[in-house]
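Below you'll find the structure, written out as structure tokens, and then a few comments.
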Amino acid sequence: MDIVYNIMVFLHIVGAAMIVGIWIGNMKKPTVHPRQFDGAALQVLTGIVMMGLLPGLGATNPDFANPNYFKLGIKFAIGLAVVVLAFIGRRKYKKEEPISKGLAHGVGGLALLNVAIATLWN
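So in our numbering, spot 55 of the sequence shown is number 56, and the numbers just go up one at a time.
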């Protein structure tokens with residue numbers, strides 16, 4: 002089960018890179034790219050899988066024995082917000098409608114906040 006968890010962590014980080022990397026790359030002309038929605042969806046899906054694996058991992062690995070479900074719940078809520086904002090941005094992008102700076106920075110900023118919560122909250 003450890004290998005499945007590690008693959009999910011890898012894909013979770015790839016999803017974050019897709020969101021934040023595109024956001025930083027377009028900082029001068031903020032927009033939401035359809036790949037940011039893909040990255041956000043990947044993050045939420047892999048996060049759900051990882052949360053589902055925690056009870057089984059806790060039985061064999063003491064590092065996973067007491068997961069902080071409050072922290073994970075906050076990360077999940079922020080992740081859902083990023084998915085919704087990225088979906089709105091993707092729809093506007095495909096219809097060639099203008100995308101507000103607030104929407105673009107909301108997607109990237111919330112994703113970066115989620116990375117900060119994951120790494121700094123012990």
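Just so it is clear, CB atoms sit at the ideal spot from N, CA and C, and this is done for glycine as well.
Keep in mind that this is a model prediction, so the values were computed, not measured.
Local Cβ density within 10 Å of residue i, reported as buried at 16 or more and exposed below that
i   : result
I8  : exposed
G49 : Just to set this straight, residue 49 is Ile in the shown sequence, not Gly. I49 comes out exposed.
G1  : The structure shown has nothing for residue 1, since the chain only spans 2 to 123.
Supposed close pair residue i, residue j - CB separation, criterion 8 Å
i    : j   : result
A112 : V21 : 5 Å
G74  : A66 : At roughly 18 Å, the Cβ-Cβ gap does not stay under 8 Å, so G74 and A66 are not in contact.
L54  : M19 : Their Cβ separation, rounded to whole angstroms, is 22 Å, which puts L54 and M19 out of contact at 8 Å.
Residue from the options whose Cα sits closest to the Cα of residue i
i    : options                : result
V10  : V45, S101 and P56      : V45
N115 : S101, I89, G80 and G53 : G80
D39  : L12, G57 and K102      : L12
V15  : I4, K29, A42 and V5    : A42
Where the alpha helix (DSSP H) containing residue i begins and where it ends
i    : result
H34  : Careful: H34 lies outside any alpha helix (DSSP H) and carries neither H nor E.
P100 : According to the sequence shown, residue 100 is Ile rather than Pro. Here I100 belongs to no alpha helix (DSSP H), and DSSP marks it neither H nor E.
D3   : D3 to G26
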